[in-house]
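Numbering (the numbering used here), first residue to last: 72 to 344. No residue lacks a Cβ here, since even glycine has one placed at the ideal position from N, Cα and C. Report on the structure given below.
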């Protein structure tokens, strides 16, 4: 495990330069617009408007442990899908520890509602990476929050997670301990906010794809495996894609530049639904 964590750190340094290149230097001709959904500084979302109206809109929720990150830092992902004709929406949210649970979740619901009411998309693919998958799962499955914000999520056509924190009982890394400390007020809340506990017999039966690196030392692949098992337990349509040799950060390479050898599997899933 220690060696894997050292490899993740090396990969993080390497990926930083690749991300910087595609975020700020490559494809600078690709335009985007930003829209506000609230009054706070981070209450906005970025939109890359695709050219193919037949394709679903992709709502991408970034990670950063909920204490860092921004749509600007995910420009590479917006550009990637844009070049395939997709409209991409990347919501910003308030950061922990200054803003703790459930602020980030509420931000995502507000951004979703604002975008849908002002754009009327035909369907939406919700995608979340790492801790962003936690927020994404709530958008798809948290019925109490849907009622609170008076939104209809039937427009969501599929749900995709990448290295997602989907079952807190399977998270035991130091990074996860930081996540809990900064995001939640205490560990006693873990059961109530654990994404896997949102799954019920009457949960939406949309297609689900959980992608995870087999060598992920930050978020165990058991998160995705167990989440999919519970989706299917309730007669849902869940798929678990375990990528051999992949670590946590490797997953971002799926949607940077031209992608890699596994990108086609995810693109095929998106285009099917």
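Contained beta strand (DSSP E) runs [length at least 3] in the segment 295-337, N- to C-terminal order: Every unbroken stretch of the beta strand (DSSP E) spanning 3 or more residues and falling wholly within the segment 295-337 is given here in chain order: 308-314.
Test item: CB-CB of residue 102 and residue 117 under 7 Å: no
Beta-carbon proximity of residue 322 to residue 203, cut-off 7 Å: no
Collapsed DSSP secondary structure at residue 230 in the structure displayed: strand
Contact between the segment 164-171 and the segment 221-241 (3+ Cβ pairs under 8 Å): no
Extent of the continuous alpha helix (DSSP H) run through residue 183: 174-190
DSSP-derived helix/strand/coil call for residue 343: helix
Residue of 143, 273, 297 and 270 minimising C-alpha distance to residue 283: Selection 143, 273, 297 and 270 evaluated against residue 283 yields 297 as nearest (Cα-Cα).
Segment limits, alpha helix (DSSP H) that includes residue 119: That residue, residue 119, is in no alpha helix (DSSP H); its beta strand (DSSP E) goes 115-119.
Own chain partners of residue 341 with C-beta closer than 6 Å, once the 5 adjacent residues on each side are dropped: Non-local C-beta neighbours of residue 341 in its own chain, meaning closer than 6 Å and more than five positions away in sequence, comprise 196, ordered along the chain.
Distance between beta carbons of residue 194 and residue 127, contact taken as under 8 Å: 4 Å
Contacts around residue 217, its chain only, beta-carbon distance under 7 Å, and the 5 residues preceding and following it disregarded: 224
Contacting residues, own chain, Cβ-Cβ under 7 Å from residue 333 (five flanking each side not counted): 314 and 325
Exposure of residue 304, with buried meaning 16 or more beta-carbon neighbours within 10 Å: exposed
Terminal residues of the beta strand (DSSP E) in which residue 280 lies: 278-284
Contact check, residue 93 vs residue 328, beta carbons under 7 Å: Taking 7 Å as the Cβ cut-off, residue 93 and residue 328 qualify as a contacting pair.
Local conformation of residue 106 per DSSP, three classes: strand
Pairwise C-alpha distance: residue 281 and residue 142: Answer to the nearest angstrom: the Cα atoms are 22 Å apart.
Option nearest residue 133 by Cα separation, candidates 161, 112 and 147: 161
Residue from 158, 276, 131 and 207 with nearest C-alpha to residue 123: 158
Backbone CA spacing between residue 345 and residue 170 [nearest angstrom]: Outside the displayed range of the chain (72 to 344) lies residue 345, so it cannot be described from this structure.
Span separating the alpha-carbon of residue 278 from that of residue 212: Rounded to the nearest angstrom, the gap between the Cα atoms of residue 278 and residue 212 is 13 Å.
DSSP bridge partner residues for residue 95 (one or two, in chain order): Per DSSP, none; premise fails for residue 95.
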